[in-house]
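First up is the structure itself, then whatever we jot down about it.
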Amino acid sequence: MKNDVFDVSAFNGIMPALMTPCKADRTPDFDNLVKKGKEMIAAGMSAVVYCGSMGDWPLLTDAERMEGVERLVNAGIPVVVGTGAINTKSAVALAAHAEKVGAAGLMVIPRVLSRGSVIAAQKHHFKAILDAAPSIPAIIYNSPVYGFETRADLFFALRAEHKNLVGFKEFGSKEALRYAAENITSQDDDVLLMIGVDTAVYHGFVKCGAVGAITGIGTALPNEVLLLANLCRLAAKGNAEARVRAQELEEAFSVLASFDEGPELVLFFKYLLVLNGEEEYRLHFNETDELNAAQRRYCEDQYALFKDWFAGWVKQGGVIDTCKS
């Protein structure tokens, strides 16, 4: 999707939500954050997201978050910045900083805790963030996790005043994705839709017209996730073989992708990176935040099952070879 005013290329692709690695003293490890960002772009991702839920933003100070963003930008990595905060003042500061350092975009997160269910309060919160960074494109992050659902009337009221609001990310159910497609992106061809949850990639691309996706599992399996996205894009154009292969791959992903839907998503996805050999992701900022032994074993078994299946499945050739990154 093109935009005559803003560069939305970052949103027309797959963006991994980066997690924040930490050092032995459980402070942010920005060197390894940048390393991961570079790896993701080299794999074929269009940009990275930092700090969304995956980045553990509630556990970082605003200064730490800004340092992570600036380090990524200075490394030449396109960054879409999450604005999650417990108050509007902090969210505005994060947005203004993102614009100042040259971020590729914003992911605008609703106001939490205080008046979080009040439409008028959320409208003013969104407006303040969009006003703070008018030169970079932004998408609304819609998620049941934040306890507020942005509907079409509010979205278009905001867009009428803020042309930098270019899209909508849906983290909710497949029904919620359909609502966004039916009532928001189908109403304006210049508004883009992004898939926000790993369990709805096929549904989002093929049935809802999404142009991109934000992924958690893609931090551990970037090539496999990019292949799924490419198959889905081709399926959305009517290719029957791509439709079958995309559904096969998504079904095989289903357990690993489901980690994205739960409150311990960061714990699971960091552990997958550890299984990849990335020891810098073993620790968490809170020492007591860890998977139990049973969860670790289940994660290991499901990861091994997927990788064994994929090693044979990918050799079929045909449209799979066509869609490899």
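Under UniProt numbering, the first residue of the sequence shown is numbered 1, with each subsequent residue one higher.
Glycine included, every Cβ here is placed at the ideal spot set by N, Cα and C.
Leaving out the 5 sequence neighbours to the left and right, which residues in its chain are closer than 6 Å to Ala47 when beta-carbon positions are compared? The residues are Ala10, Met15, Pro78, Val80, Ala104.
Would you say Thr83 and Leu106 are within 9 Å of each other, going by their C-beta atoms? Yes, the Cβ-Cβ distance between Thr83 and Leu106 is below 9 Å.
Extent of the continuous alpha helix (DSSP H) run through Gly68: 62-74 is the extent of the alpha helix (DSSP H) around Gly68.
DSSP three-state assignment for Pro16, whether helix, strand or coil: In the structure shown, Pro16 sits in a strand (DSSP, three-state: E or B).
Buried or exposed for Ala293, going by 16 or more other Cβ atoms inside 10 Å? Counting Cβ neighbours within 10 Å, Ala293 comes out exposed, since fewer than 16 surround it.
How many Å lie between Lys38 and Asp260 at the Cα? Whole-angstrom Cα-Cα distance: 22 Å.
Could you tell me whether any Cβ in chain B is nearer than 9 Å to the Cβ of Leu249? Absence of chain B from the displayed structure is noted, only one protein chain being present.
For the beta strand (DSSP E) that contains Val80, what are its first and last residues? It spans 79-82 - the beta strand (DSSP E) in which Val80 sits, taken as one unbroken run.
Below 8 Å on the Cβ atoms is my guess for Phe253 versus Phe306; work out the distance and round it to an integer in Å. Yes, Phe253 and Phe306 are in contact; Cβ-Cβ is about 7 Å, under 8 Å.
Beta-carbon contacts of Arg296 that lie in its chain and below 7 Å, excluding the five residues immediately before and after: Counting only Cβ-Cβ distances below 7 Å, and skipping sequence neighbours, we find Tyr271.
Nearest CA to the CA of Asp308: which residue from Ala121, Arg233, Glu224? Checked all of Ala121, Arg233, Glu224; the closest Cα to Asp308 is Glu224.
So Ile214 is in the beta strand (DSSP E); what residue range does that whole segment cover? Here the beta strand (DSSP E) through Ile214 covers 212-215.
Hey, quick one: how far does the beta strand (DSSP E) through Asn239 stretch, first residue to last? Neither: Asn239 is in no beta strand (DSSP E) and is coded neither H nor E.
Excluding the five sequence neighbours on either side, which residues of its own chain have a C-beta within less than 7 Å of the C-beta of Lys23, listed in chain order? Result list for Lys23: Asp29, in chain order.
Are the Cβ atoms of residue 329 and Arg159 separated by less than 9 Å? Nothing in the structure corresponds to residue 329, since the chain is present only between 1 and 325.
Residues near His97 by beta carbon distance below 6 Å, same chain, minus five either side: Counting only Cβ-Cβ distances below 6 Å, and skipping sequence neighbours, we find Met66.
Under 8 Å: do the stretch 138-149 and the stretch 167-177 share three or more Cβ pairs, one atom per stretch? In this structure the stretch 138-149 touches the stretch 167-177; the number of beta carbon pairs closer than 8 Å is three or more.
Within 10 angstroms of its Cβ, does Thr27 collect 16 or more other Cβ (buried), or is it exposed? Under this definition Thr27 is an exposed residue.
9 Å Cβ cutoff met for Ile195 and Gly204: In contact: Ile195 and Gly204 (Cβ atoms closer than 9 Å).
Assuming contact is defined by CB atoms lying nearer than 9 Å, are Gly68 and Leu113 in contact in what I supplied? One thing to note: Gly68 has its Cβ no nearer than 9 Å to the Cβ of Leu113.
Rounded straight-line distance, which links the Cα of Pro110 to that of Ile86: Going by the C-alpha atoms only, they are around 9 Å apart.
Given this structure, state the Cα-to-Cα distance separating Ser186 from Asp25, to the nearest angstrom. Between Ser186 and Asp25, the alpha-carbon positions lie close to 49 Å from each other.
Can you grab the Cα-Cα spacing for the pair Ser90 / Gly317, in whole Å? Spanning the two alpha carbons is a distance of roughly 50 Å.
Provide the residue span of the alpha helix (DSSP H) that contains Gly37, from first to last. Gly37 -> alpha helix (DSSP H) spans 30-43.
Could you tell me whether the Cβ atoms of Val49 and Leu18 are closer together than 9 Å? Against a cut-off of 9 Å, the Cβ pair of Leu18 and Val49 comes out as a contact.
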